[in-house]
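Enquirer: Numbering (the working numbering), first residue to last: 81 to 278. C-beta atoms are modelled at their ideal positions from N, C-alpha and C, and glycine is treated no differently. The structure displayed is predicted, hence computed values, not measured ones.
1) Thinking C-beta only, is residue 270 closer than 8 Å to residue 122?
2) Nearest-angstrom Cα distance between residue 258 and residue 235?
3) Report the start-end ranges of each beta strand (DSSP E) in the stretch 117 to 186 that is 3 residues or longer and not cut off at the edges.
4) Verify whether the separation of the beta carbon atoms of residue 233 and residue 222 is less than 8 Å.
5) Could you tell me which of 200, 243, 263 and 137 sits nearest to residue 215, measuring between CA atoms?
6) Taking the DSSP output, what are the residues bridged to residue 205?
7) For residue 214, write down the residues that DSSP places opposite it in a beta bridge.
8) Residue 103 by DSSP, collapsed to three states: which one?
9) Who are residue 230's beta bridge partners in DSSP?
10) Out of curiosity, what's the CA-to-CA distance linking residue 203 and residue 130?
11) If distances are taken between C-alpha atoms only, which option among 185, 195 and 241 comes closest to residue 212?
12) For the beta strand (DSSP E) holding residue 266, just list the boundary residues, first then last.
13) For residue 195, which of helix, strand or coil comes out of DSSP?
14) Going along the chain, which residues of its own chain have a beta-carbon closer than 7 Å to the beta-carbon of residue 210, five neighbours each way excluded?
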């Protein structure tokens with residue numbers, strides 16, 4: 081396998097089941113306050129992306145009628161590379177440990193006052209999560225259930241934009257999120273969608 085520099089995640093594996101199990105075994109530790117903390121974990125990643133790109137990002141948080149939440153940003157999209165066999169490999173942000181924060185006792189605090197741990201917390205504690213990625217070199221979507229990918233990367237039609245959308249549903253307690261949406265490199269819009277009647 082191609083050796084890539086591991087700055088935030090280890091590219092050698094796409095899923096770390098022991099890591100995901102450890103998160104699920106200590107929900108109160110890794111998602112204090114419930115869904116709010118998961119939203120902040122996703123926004124922190126988008127904030128990082130905007131900062132590294134040297135720009136101010138746009139992000140939309142949508143509260144769906146079925147209780148799910150989607151967070152869409154206009155960044156460069158999750159890093160995707162091609163290995164020596166021609167296989168598309170994406171940065172394993174959803175199902176492996178964030179090397180910067182997860183085990184760091186001095187991890188930065190999110191706006192809810194609790195430590196940042198990484199995107200794997202969101203995936204592990206969600207009944208389902210759909211990661212949609214748009215980059216200049218291609219777009220795809222992938223579904224996870226409790227942090228485990230249940231589909232391959234499924235190509236989607238490019239729409240001329242770049243960015244990442246994380247759409248997830250979990251049964252943790254919900255709380256008001258608006259007072260906590262304080263990220264220095266993001267302009268955040270919150271939308272509420274009602275459940276469509278059949």
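Expert: By the coordinates alone:
1) Residue numbering aside, residue 122 sits at position 42 when the chain shown is read from its first letter. Residue numbering aside, residue 270 sits at position 190 when the chain shown is read from its first letter. Against a cut-off of 8 Å, the Cβ pair of residue 270 and residue 122 comes out as no contact.
2) For this step, residue 258 is matched to residue 178 along the chain shown. For this step, residue 235 is matched to residue 155 along the chain shown. Computed Cα separation, rounded: 33 Å.
3) 137 to 143, 149 to 153, 160 to 162 and 168 to 170
4) Translated into the one-based positions of the chain shown, residue 233 becomes position 153. Translated into the one-based positions of the chain shown, residue 222 becomes position 142. Yes, the pair counts as a contact, with Cβ atoms nearer than the cut-off.
5) Against the chain shown, residue 215 aligns to sequence position 135. With distances taken between Cα atoms, residue 215 lies closest to 243.
6) Here the question's residue 205 lines up with position 125 in the chain shown. None, per the DSSP bridge assignment.
7) In the chain shown, counting from the first residue as 1, residue 214 sits at position 134. Note: residue 214 sits in a beta bridge opposite 219 and 243.
8) Along the chain shown, one-based indexing puts residue 103 at 23. Helix, per DSSP.
9) For the purposes of this step, residue 230 is taken as the residue at position 150 of the chain shown. For residue 230, which the question treats as bridged, DSSP gives no partner whatsoever.
10) Here the question's residue 203 lines up with position 123 in the chain shown. Here the question's residue 130 lines up with position 50 in the chain shown. If you take the alpha carbons of residue 203 and residue 130, they lie about 22 Å apart.
11) For the purposes of this step, residue 212 is taken as residue 132 along the chain shown, with counting starting at 1. The candidate whose alpha carbon is nearest that of residue 212 is 241.
12) Within the chain shown, residue 266 is the residue found at index 186, counting from 1. Segment 266 to 272, the beta strand (DSSP E) holding residue 266.
13) Your numbering for residue 195 matches position 115 in the chain shown. Of the three classes helix, strand and coil, the one that applies to residue 195 here is strand, per DSSP.
14) Locating residue 210 in the chain shown gives position 130, counting from the first residue. Excluding positions up to five away in sequence, the list reads 221, 223 and 247.
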